[in-house]
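Comments concern the structure below.
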Amino acid sequence: MTLIKKMIRTSRIYYNPEVYYGKDAISCLKSIQQENLLILISNTIRNSEHYQIIQTHVSKKTCRVEIITHPTQETILALKEKYLHSKPEAIIAIGGGKVIDTAKCLKLVLNNPSIDFSNMHKLQFSEVNEIKLVAVPTTPSTGSEANSVAVITDRRGVKTPYLNDSFIPDMAVMDYNFLESFDLKSLYVLAADIFTHASEGMVSVARTPFLKAIGHSCLSLLESGLNALKKDLKDTRALSELSSAGYLGGIMVGNAYVGAIHALAHTLEKQTNKSHSNLILSLIKPVYSWSKTQKDNPLYNEFLSIYEQIGFEDYVNYDVFNEINIDEWIEDANKDINMMTNGIKMDKENIPQLIEWVLNNR
Ligand SMILES: [Fe+2]
Numbered sequence: 019m020t021l022i023k024k025m026i027r028t029s030r031i032y033y034n035p036e037v038y039y040g041k042d043a044i045s046c047l048k049s050i051q052q053e054n055l056l057i058l059i060s061n062t063i064r065n066s067e068h069y070q071i072i073q074t075h076v077s078k079k080t081c082r083v084e085i086i087t088h089p090t091q092e093t094i095l096a097l098k099e100k101y102l103h104s105k106p107e108a109i110i111a112i113g114g115g116k117v118i119d120t121a122k123c124l125k126l127v128l129n130n131p132s133i134d135f136s137n138m139h140k141l142q143f144s145e146v147n148e149i150k151l152v153a154v155p156t157t158p159s160t161g162s163e164a165n166s167v168a169v170i171t172d173r174r175g176v177k178t179p180y181l182n183d184s185f186i187p188d189m190a191v192m193d194y195n196f197l198e199s200f201d202l203k204s205l206y207v208l209a210a211d212i213f214t215h216a217s218e219g220m221v222s223v224a225r226t227p228f229l230k231a232i233g234h235s236c237l238s239l240l241e242s243g244l245n246a247l248k249k250d251l252k253d254t255r256a257l258s259e260l261s262s263a264g265y266l267g268g269i270m271v272g273n274a275y276v277g278a279i280h281a282l283a284h285t286l287e288k289q290t291n292k293s294h295s296n297l298i299l300s301l302i303k304p305v306y307s308w309s310k311t312q313k314d315n316p317l318y319n320e321f322l323s324i325y326e327q328i329g330f331e332d333y334v335n336y337d338v339f340n341e342i343n344i345d346e347w348i349e350d351a352n353k354d355i356n357m358m359t360n361g362i363k364m365d366k367e368n369i370p371q372l373i374e375w376v377l378n379n380r
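Residue numbers for the sequence shown follow this note's numbering, beginning at 19 and rising by one.
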């Protein structure tokens, strides 16, 4: 329970009260006290062998299940209507960021029915916190299990981040068994997202020595895990390192925020059908090489050297920049909230310069 429910100047780190991790960590679901559960799950997990295992762990509970495909405002408000008069004791979100972010908002609006998307952006605390939230990420890169941020798509298709201290899941469960079905290329692409959660936070306007240390740990787990997975994709220690890196990346996103790479990726997501992680991967090298020309910060060289060391370049597809509307990209990027926390101050003058650099230096 939060003791301080107002914005104060003192730095604060958001952490989950309970974190379970490692092989078969998912089995902890059978020990949670709550009996009446609402399970939000991705289609991928619903159709996988993992679903049967999950069912055995909650077989003694009363469970209702919803499959989440899109984290939209409509989805969340429809679920609010459906469950408002028969609330669960806990919501268990099993999936990627879409599922977990949907669950965060659903928990907030079910606990506080007067909240909807017209006032959610004004609130950073929740008065009522009866319904608990358990987040079980099934991809390594979401990080959503570790933070108080939920990214929801509005009616115009714009991804909007919401912040609320009640979004921090009451319990996070990182079970690397979920990662065993990914091929090496997919893991590299997802890891690029983790790489930027740590690195953009380490240079962001909200960086602190404490957060930088978490970012360094994240990058070192990432490097060690991916190098081991290159040799043996079944290396469970390496999968565990990747899963832990993803969690630390989530702490960075929630506390130090991200920057221009995420702003450029989010705005391109609107124009292409490429995934968030794929776009992030293709932006890392050009954005950090531009950043080096703007600010004398040794971290940019360090990021580029870790990027080389990990071997991300082998998995980049710069074709994502073909056939995009550059003017629209510039216009959207100017408005993206993540530009505001970038390590280099971004404005109407240097955003077009950065985009030109990205297109010419890929
Ligand atoms: Fe990301």
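C-beta atoms are modelled at their ideal positions from N, C-alpha and C, and glycine is treated no differently. Remember, it's a predicted structure, so these values are computed and weren't measured experimentally.
Integer-rounded CB distance, given that LEU56 should sit under 8 Å from GLU84: 7 Å
Any non-hydrogen atom of ligand 1 within 7 Å of THR226 CB: no
Cβ-heavy atom distance, ILE71 to ligand 1, below 7 Å: no
Check: ILE298 C-beta below 7 Å from any heavy atom of ligand 1: yes
CB of VAL338 within 8 Å of CB of SER300, strictly: yes
Proximal residues to LYS122 (C-beta, below 7 Å), its chain only, five neighbours per side dropped: LEU151, ALA168 and PHE185
LEU317 vs MET220 beta-carbon contact at 8 Å: yes
Exposure label - LEU21; buried when at least 16 CB within 10 Å: exposed
Simplified DSSP assignment, three categories, for VAL208: The amino acid at residue 208 is misidentified as Val; the sequence shows Leu. In this structure, LEU208 counts as helix in the three-state DSSP scheme.
For GLY113, three-class secondary structure by DSSP: strand
Distance, PRO304 Cα to GLN73 Cα: 45 Å
ILE57 - partner residues in DSSP beta bridges: VAL83 and ILE110
Integer Cβ distance of ALA164 from ASN34, believed to fall under 8 Å: 7 Å
Proximity to ASN182 [Cα-Cα], best of SER144, HIS215 and THR160: SER144
Heavy atom of ligand 1 within 7 Å of ASP253 beta-carbon: no
Outcome for MET364 when other beta-carbon atoms lying within 10 angstroms are tallied against a minimum of 16: buried
Buried versus exposed, by CB contacts within 10 Å (16 or more), ASN65: exposed
Backbone CA spacing between GLU107 and LEU58 [nearest angstrom]: 14 Å
Alpha-carbon spacing of THR120 relative to GLY161, whole angstroms: 14 Å
GLU148 (DSSP reduced to helix, strand or coil): coil
Residue span of the alpha helix (DSSP H) that contains ALA164, given as start and end: It is not in any alpha helix (DSSP H) - ALA164 carries neither H nor E in the DSSP assignment.
beta-carbon ASP211 near ligand 1 non-hydrogen atom, thresh 7 Å: yes
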